Structure formats: structure tokens, C-alpha cells
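Peer 1: Protein chains in written order, with my numbering: chain W, 1 to 289; chain L, 1001 to 1408.
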Amino acid sequence: MSIDRRSFFKALGVTGMTLAAGSRLSASPVPVDKNEFLGILYDSTRCAGCQGCEFACAEAHGLPAPSFEDVPVAGTVRKTDETRRTVINAYKTTRGDIYVKRQCMHCNDPACTAACLTKAMYKNEQGPVSWRGNKCMGCRYCMVSCPFDMPKFEYHSPNPKIVKCDMCSDRLTEGLKPACADQCPTEALVSGTRRELLAEARKRINDNPGQYYDQIYGEHEAGGTGYLYLSPVPFEEVGFNTTLQKSSYPALTKGFLYAVPSIFVLWPAVLLGIQQATKNDNNNAEEDE
Amino acid sequence: MSNGNYTVQQNNGIRSTWKFILGELKPKGKLLTPFNIISVPVIITGIALIIIRFWKGIGSVTNLSQEVPWGLWIGFDVVTGVAFAGGAYVITFMVYILNMKKYQSIVRVTVLNGFLAYLFYAGALLLDLGRPWNVINPIIGNSFGTSSVLFLVAWHFLLYMIAELIEFSPAVAEWLGARRAHKILSGMTLGAVIFGITLSTLHQSGLGALFLMAKDKIHPLWYSEFIPAMFFVSSIFAGLSMVIFEGSVSQRVFSDQISETSHRSHDSILHSLSKICAVAMFAYFTLNVLVFIHEKRWSLLNTPMGYWYLTEIIGFVLLPMILFFMSYRKRNITMIRVASLMTMAGIVLNRLNISVIGFKWDSVSHYYPSWMEITVTLTVIFTEIWIFRWVIRRLPVLREAPGWNSHN
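#1: So if DSSP puts W131 of chain W in a beta bridge, which residue, or which two residues, is it bridged to?
#2: In terms of DSSP beta bridges, what is D182 of chain W paired with?
#3: Check whether the Cβ of K1215 of chain L lies closer than 9 Å to any Cβ atom in chain W.
#4: Where R171 of chain W and A1085 of chain L are concerned, what is the direct C-alpha to C-alpha distance, given to the nearest angstrom?
#5: If we call anything under 9 Å between Cβ atoms a contact, is W1361 of chain L one with I1139 of chain L?
#6: Going along the chain, which residues of its own chain have a beta-carbon closer than 8 Å to the beta-carbon of A1345 of chain L, five neighbours each way excluded?
#7: Below 9 Å on C-beta distance, what does Q215 of chain W contact in chain L?
#8: Any chance the CB of K1215 of chain L is under 8 Å from a heavy atom of the ligand ZN?
#9: Is it the case that the Cβ atoms of Y258 of chain W and K1215 of chain L are separated by a distance below 9 Å?
#10: Under 9 Å between beta-carbons, which chain L residues line up against N241 of chain W? List them in chain order, please.
#11: Which residue wins for smallest C-alpha separation from K101 of chain W, given the options W:K92, W:G210 and W:I88?
#12: Between L:P1304, L:I1333, L:R1180 and L:T1303, which has its C-alpha nearest S1248 of chain L's C-alpha?
#13: So H106 of chain W and S1060 of chain L are in contact, right, with Cβ under 8 Å, and what is the actual spacing, rounded?
#14: Taking all protein chains shown into account, do 16 or more other C-beta atoms lie within 10 angstroms of the C-beta of S23 of chain W, making it buried, or fewer, making it exposed?
#15: CB S1259 of chain L to CB A115 of chain W, shorter than 9 Å?
#16: Can you find a C-beta in chain L that's less than 9 Å from the C-beta of L271 of chain W?
#17: Please state whether DSSP places C104 of chain W in a helix, a strand or coil.
#18: When DSSP labels each residue in this structure, what does A1339 of chain L get in the three-state scheme?
#19: What are the partner residues of F153 of chain W, as DSSP defines its beta bridges?
#20: Going straight from the alpha carbon of T1261 of chain L to that of A1171 of chain L, what length do you get?
#21: Given a cut-off of 9 Å on the beta-carbon distance, is the pair S1327 of chain L and S1241 of chain L in contact?
#22: Between N1137 of chain L and chain W, is there a C-beta pair that is closer than 9 Å?
#23: With a CB to CB cut of under 7 Å and the five nearest residues on each side skipped, what residues in its chain are close to F1157 of chain L?
#24: In this structure, does DSSP put I98 of chain W in helix, strand or coil?
#25: Quick one: give me the first and last residue of the alpha helix (DSSP H) that T193 of chain W is part of.
#26: Could you list which residues in chain L have their beta carbon closer than 8 Å to that of P158 of chain W, in chain order?
#27: Looking at C-alpha atoms only, which residue of W:L230, W:L189, W:G75 and W:L244 is the closest neighbour of C146 of chain W?
#28: Run through chain W and tell me which residues come within less than 9 Å of V1289 of chain L, C-beta to C-beta.
#29: Of all the options W:N208, W:T83 and W:D97, which has the alpha carbon lying nearest to the alpha carbon of G49 of chain W?
#30: If P1220 of chain L sits next to V144 of chain W, beta carbons under 8 Å apart, how far is it from one beta carbon to the other, in whole angstroms?
#31: Tell me which residue opens and which closes the beta strand (DSSP E) that Y1096 of chain L is part of.
#32: For the alpha helix (DSSP H) containing K1275 of chain L, name the first residue and the last one.
#33: Report the residue from W:N134, W:G138 and W:S130 whose alpha carbon sits nearest the alpha carbon of L1127 of chain L.
#34: Hey, could you find the ends of the alpha helix (DSSP H) L1328 of chain L is sitting in?
#35: Using beta-carbon positions only, say whether N1350 of chain L and S1234 of chain L come within less than 9 Å of one another.
#36: Does the beta-carbon distance from C142 of chain W to P151 of chain W come in below 9 Å?
Written as C-alpha cells, this is what we have:
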């Protein structure tokens, strides 16, 4: 079995394409200190359920303000959708009625961003995860991937957008606070870096151990999130999924993605080898031109 | 097509080629067949629905929701359709890499089937994209989301379609009487095959890897880190079952195209394919059992979803696998056909269980496809069959190629 000039060039071509494609397909995590991301601490013991954040958010993003009948009532769960980026819900718990704000969690290593094949969904160096319409092709893979189900889609528009909280990233670049945190009358919402917020949250738990359940939701969930939560009751009582994995969601596909370049290099070589090995026995007509 | 044809075409140049193509566009064969009578109204309705979809948004024709963003169009058209198109890489592997000449007669039809499947199912993807005008972003420009499995799948779809087109192109060259092009294109076949098999390995498993991040949303009986491996292994017998099914239909419908020799060898091909199916299904079944035992999922079995899982694994994997094994021993063609249909049903079940039925299985509101989604899906399938039939009637796909290679 000898390799003639032609098959040599074929092999060379295949290898070339492989290397070109392989380098493009490798995943590259950005090494940044996750605790320096900007985030928001939400303390449900301070929240009065006034929906001021909902109004502020609607105004800041040109969305319809919530109607006056649309108020948080224990027993019904209001969800964010394409017309509202944040909602306040009420829960009946072992320690009375508790309000909880929900919106995008701004994960440290977001599933939606890893899922996005056009980088329309991206986490900027300040911390907010936001969406860029000029890149998005509307595949909704971010919605499939998000463990918190936060990206929402305008199903009834011919030019649909993905709608979710972007932590007012425009305001952040101007040095302002997010609209919701800016107007919160009871300071249930505090903005700052993740490092500051975690320290503050721990301080509150330590200072008032009777008032808080001893967990900061978002510290480890889904690999850590930009939004952090304090609650007087266990988080499953107020509608949180407490079974989420502690490691980041994109880590689930890393193994597969890392295998891609090696398969791209090994497979063609193996296939060509088998082809060369079986060719002589059968004297294939295709190679006898 | 003879030598004379070739000379005439060369003399008259490009103009006569166009005349030839225009002539070929005219319908051949009977117009009022049962298939036409059913498919034409469906296709017309489907086109109307597609217009409404682009005018009023995806929500106007689908039952998709904020919680279930992928429905029938992705779960069936794309995820299932691509699994069925897996026959092309398996058959080209056997013919061009393992040099099994026995399957030579079904290579072209399988590659054509695979190519059209990708063309139409990837095309159906455009219907599901909210902002399809940005579809080129992952291909050209500076918007490469390289950490996305979908990025990989998108590139592979595109590259694999090109590879399959190259694999099929000698048939087009023969149809047009282009001898020189034929020689060049035939020389590219092996490269395209090797590239194509590599791409197929990765994107068949990649389609499964898409769902890895939806860990908390897919029913635990279907979710495991081995979804990519399972998708790849099942694409082998999904594709071959499709080859068996398509071959059995073609033997009847296009009997005028098929020569006496390839007609006779067809049964023997089916027997060998059923054996490969059985072995691949055994590997797949074992993988399922291993994952099931390893993850200690016994407690999940005695639930409605558990019974549904058993239906899929025993009724549509184990049972057709046994039928394939038995048909090989008993040389029973009918049994092969039944087994291939059951296998295909099992693949549909499996892909839908992961992408649609088991997705958000615990949610309050469930997703059911609307009649409009189903009609559009049928439109895609019927249009593909129309094109398939058009090509079969004109190009040397099922009938003998002119054999230009051996006469050189």
C-alpha cells in the first residue's frame, strides 16, 4: 500500500479544512473576576410590594406600565413576558406574606450567552447580560437553555425581539443605578459589585440571624448570578428552584465542544486509513480512472 | 445518454443546455395520482400559512409559548428529519470507505434523499427563526458564537449540504452530458465522503448536545450526559431504516427506473442493512440500559412518563431490534419492512420525547402542535417528495449510470 501524489493532496486538503474549521469551533472562556461584576441584591424582608420597580422598569424601557388591577396576590404567580421585564409576586409562607421580585438573574456564566450562536446575547465586562437585535436570528435557543426561563419572545410580531431585563446596562455605563434599584423606596434593591453585595448580604444574615434564612440565593446557583436574594424563609417556599446545579450551565456542553476539534483531526485520518486499507482488496473502480 | 448526445450538446453550447433544462422542467408521468391529489391542497394551504407566519409572527400559526419555545418544527422537522437523513453517511461509509461494492446501487438515491432532507429541514428551520434575515450572522461577519452547540450544528448543516451536493454532483453532470465536469466532480467524491462522515458524526451528536443545557427542563428518564452519543448511535439505524423504507417504496413506484440486476440485488441489500440496524440498535439499547441503571432511575418507572419511556424503549427499540435479527435469520423481507417502520416510529418518539413531549413535562400548560404547524410540516415533507420524484425521473439516480469511468 503506497500513497500516491493524488491521495496525498486529498489528505492534505482534508487536514487543511479540518484545521481551519477546528480552530473556529473551540470554546474560549473569558478569564474575568466574577465578583467584580455589577449586580443587585434583593432583600425580600424589606420589599413592600409597591411595584415601583415594575413602573420604573416599564418607563425606562418604553414598555406598558402595569395596570392597577395587575397586582401581586398570593396564590397566583405573575410571570415576566414580552411586555414586562420584571414582576413582583406575593407568597403565603410560614412567616406571613412575602414579596419576591423576579427578572433575569444575570448569571456569571450565562447559559443563554453560551447558547447564542450569533453572540446576540452577551454578558459585558460590567456584568449585565443583554441582547442585540442586529445579531439575533430568533432561534430561541437561549430560551431553551436558560435555567430560569427568563428570555421572552414576541411571538406576535413579524420583527420579534427577545425581551428580558438587561440591568439597565445603558444607565450603568453612564454611572447610574438600574432604574428599579434607583427608585426602590424601601431599599429592598441595592446595586453594587458582586463582592460588595455578597459581603452586605452576609452581614445582614449575621446581624439578624432570626430574620433571615441562612442562604444567599444566587451565590452558587447556576455557577453564581448577578442578582442575589435574601429571604426570611427557605427559597422553595417563595417560588425558587432550589435544585439547580451549583456549577455553570455552559459547563454541561464544554465536554462535547472540546471533543469537536479532536474528532475533526482524528476522524478524517482514520477514515482515509480504512479506505486505503480496504481499497487494494477490492480494486475499486472509482480509483482506477 | 450516449456519446452522440454529448457531441450535439457541446456544439450548440450553453443555450441548448438551458433549453434541455427547461424541457426537463415539464412534468413527466401521470398527474392525477393519489399522492398528488392529497399533497397539492396541503402544499397550497401550507404556503398560505407560511405567508401568515411571516406577516403576523410565529405565534399566529403555532402553539409555542414562552415556556416551550421549540415545538414541532424543530422537534420533528429538524431534529427527527436529520436523524432520518443519517443513511447517507452510513451508506457512503460502507461504499467509499469500506469499499463494499454491493451497496453501490443505492448510494446515489440515499445521498439524494439525505441532501434533500437537509435542504428542506434546514429550510424549515428558517420558518421557525424569528429573525431569519440574520441567519447569515453565524456564517459571515463578526458574530461567531463559538461556544454554542448550535453554532457548530449550523456550520455543519451548511458544510454537509455542500459535501452531499459534491457526492451527488456526478449524477447531475451525467444528466447534463458534461463529461469533463463529471471527471472532476467524481474525483472529489472521496474527499467529500470523508469530510461528510466527519461532519455527520459531529452534528448528529450535536443535535443531542443542544439539549444538554436544558438539564432541569427535560424529563430525567430522557436526560443524560450521553444524549450526544445516543443521538449518534440512533442516527445509524434511523438512517438505515429510512433507506430500507425508501428503497421498498422506490422499488414499486419507480420500477421503470430500476434495472433487473439491481432489482434482484435489492433483497440481499435489505438483509444486510437489517443486520447492521439490529447491531446498532443493540448498542443503543445497551447504552440506554446502562444509563438507566447507572443513574438509578427505578423510582421513575412507575409513573405515566415511566410507562411512556418503557413503551419507547421496549416497544420501539427492543422489539424492532428482535424483528431485524429474526428477519435476517428467516430471510423475511416483510418482517424487515415492519421492523424499519417501527424503528422509524421509535426515532420520532425519542426525538419528540426529548425536544417536545418530555420538555417541561411538569409544567402546568402543555404544548400541543396546532393544525397549522402540522400542515406546514406536511407541506415541507410533500414538497421534498415532489422534488425527489422530479429528480428520480430525470437524473440517473436509480437507473444505471452511463458508466463513463470504465470507458475512459
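Ideal placement from N, C-alpha and C gives every residue a C-beta, glycine not left out. Keep in mind that this is a model prediction, so the values were computed, not measured.
Peer 2: On the basis of the data shown:
#1: W:M121
#2: Note: D182 of chain W sits in no beta bridge, so no partner.
#3: yes
#4: The alpha-carbon atoms of R171 of chain W and A1085 of chain L are separated by roughly 49 Å.
#5: no
#6: F1316
#7: The premise fails here: Q215 of chain W is roughly 19 Å from chain L at the closest Cβ pair, so nothing lies under 9 Å.
#8: Of the ligands one can find in the structure shown there are none, so the ligand ZN has no counterpart to examine.
#9: no
#10: D1216
#11: Closest by C-alpha distance to K101 of chain W, out of W:K92, W:G210 and W:I88, is W:I88.
#12: L:I1333
#13: Between S1060 of chain L and H106 of chain W the Cβ distance is about 32 Å, and since that is not below 8 Å, they are no contact.
#14: Residue confidence for S23 of chain W is low, a pLDDT of 49 falling below 50, so the modelled location carries little weight; the figure read from the coordinates is stated next. By the 10 Å Cβ count, S23 of chain W comes out exposed.
#15: no
#16: yes
#17: coil
#18: helix
#19: W:I162
#20: Taking the straight line joining both Cα atoms gives about 20 Å.
#21: no
#22: yes
#23: Y1118, A1122 and H1203
#24: The answer is strand: DSSP assigns I98 of chain W an E or B state.
#25: No alpha helix (DSSP H) contains T193 of chain W, which is instead part of the beta strand (DSSP E) from L189 to T193.
#26: F1054, W1055, K1056 and G1057
#27: W:L244
#28: At a C-beta separation below 9 Å, V1289 of chain L has no neighbours in chain W, since its nearest C-beta there lies roughly 22 Å away.
#29: Of the listed residues, the one whose Cα sits closest to G49 of chain W is W:D97.
#30: P1220 of chain L to V144 of chain W, Cβ: 17 Å. No contact.
#31: Unbroken run through Y1096 of chain L: none, as it is neither H nor E.
#32: E1260 to H1294
#33: Closest option to L1127 of chain L, Cα to Cα, is W:G138.
#34: Checking the sequence shown, residue 1328 of chain L turns out to be Tyr, not Leu. It spans L1319 to K1330 - the alpha helix (DSSP H) in which Y1328 of chain L sits, taken as one unbroken run.
#35: yes
#36: The Cβ atoms of C142 of chain W and P151 of chain W sit closer than 9 Å to each other.
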